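Numbering (the working numbering), first residue to last: 1359 to 1551. A virtual CB, placed ideally from N, CA and C, is assigned to each residue, including glycine. Here the structure is a predicted model, which means the values were calculated and not measured. Presented below is the structure to which this report refers.
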């Protein structure tokens, strides 16, 4: 049986004008070594390789708090209240939290920055270990079981936070403008070269 593991990242909330409780952040960051533990002065590290999520099973991923099965699920990919996007930085999540007491509490704690990190639980398909640097590199994940807002992260580079509706719209417009500019540039290059 595959050993299920957990790692941590940062997140933020996005308040919206329609009472949605949107949080977003990076549950996984690529190519960022993190020290998992230290023993006798030796640091044991882990890094997630770019491409590690290619082919990973992410069909039904719930969003939780501290990976707890004792607290209700806050959002889920299956019903499209949680979206997972792999980009150059890592695994970006965007969740519309359930308007339950637990969902409202979690949103408030993220908005206040009491909770600002994320985690994910997973099984590994392929990894390697460099004895000289004491670094495990995860090349391929087999499955992502959940993503979670957490108190204590393994990967300090992760994030989650709340953002305003207008900040979200402005960023979406900026991304769209940047994509349009990149397409125009590729078209010009293709036309003249």
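Selected residue, minimal CA-CA separation from residue i, among the options
i	options	result
residue 1464	1379, 1498, 1517, 1360	1379
residue 1402	1511, 1499, 1490, 1444	1490
residue 1428	1537, 1469, 1460	1460
residue 1513	1499, 1537, 1475, 1547	1475
residue 1452	1377, 1398, 1385, 1430	1385
residue 1554	1546, 1409, 1387	Residue 1554 is absent from the structure shown; the chain starts at 1359 and stops at 1551.
residue 1446	1544, 1388, 1538	1388
residue 1396	1498, 1500, 1492, 1497	1492
residue 1362	1547, 1477, 1449	1477
residue 1472	1377, 1423, 1539, 1537	1423
residue 1360	1487, 1479, 1546, 1509	1479
residue 1467	1546, 1448, 1509, 1488	1509
residue 1411	1430, 1462, 1377, 1450	1450
residue 1390	1486, 1413, 1518, 1407	1407
Pairwise C-alpha distance: residue j and residue i
i	j	result
residue 1392	residue 1550	45 Å
residue 1437	residue 1383	19 Å
residue 1502	residue 1415	6 Å
residue 1469	residue 1432	15 Å
residue 1516	residue 1541	30 Å
residue 1511	residue 1494	18 Å
residue 1522	residue 1400	Confidence at residue 1522 is low in this model, with a pLDDT of 44, below 50, so the placement of that residue is unreliable and no value is reported for it.
residue 1405	residue 1499	12 Å
residue 1539	residue 1497	33 Å
residue 1458	residue 1434	14 Å
residue 1482	residue 1455	28 Å
residue 1394	residue 1462	31 Å
residue 1543	residue 1488	41 Å
residue 1426	residue 1545	49 Å
residue 1413	residue 1486	18 Å
residue 1547	residue 1448	29 Å
residue 1552	residue 1377	Shown here, the chain extends from 1359 to 1551; a query on residue 1552 therefore has no answer.
Endpoints, beta strand (DSSP E) assigned at residue i
i	result
residue 1394	1392 to 1397
residue 1504	1493 to 1508
residue 1451	1448 to 1454
residue 1468	Residue 1468 -> not in any beta strand (DSSP E); alpha helix (DSSP H) instead, spanning 1459 to 1469.
residue 1401	1400 to 1406
residue 1426	Neither: residue 1426 is in no beta strand (DSSP E) and is coded neither H nor E.
residue 1478	1475 to 1488
residue 1443	1440 to 1444
First and last residue of the uninterrupted alpha helix (DSSP H) at residue i
i	result
residue 1423	Looking at the DSSP string, residue 1423 is not in any alpha helix (DSSP H); the run it does join, the beta strand (DSSP E), is 1420 to 1423.
residue 1411	Where residue 1411 is concerned, there is no enclosing alpha helix (DSSP H), given that its DSSP letter is neither H nor E.
For residue i: DSSP bridge partner residues
i	result
residue 1433	1421
residue 1378	None, per the DSSP bridge assignment.
residue 1415	1501
Original post:
Below 8 Å, can you find three or more Cβ-Cβ pairs linking the segment 1436 to 1444 to the segment 1403 to 1422?
Top reply: Result yes; three or more Cβ-Cβ pairs closer than 8 Å.
**OP:** Answer yes if the segment 1531 to 1547 comes into contact with the segment 1500 to 1515, meaning at least three C-beta pairs across the two stretches below 8 Å, and no otherwise.
**Re:** no
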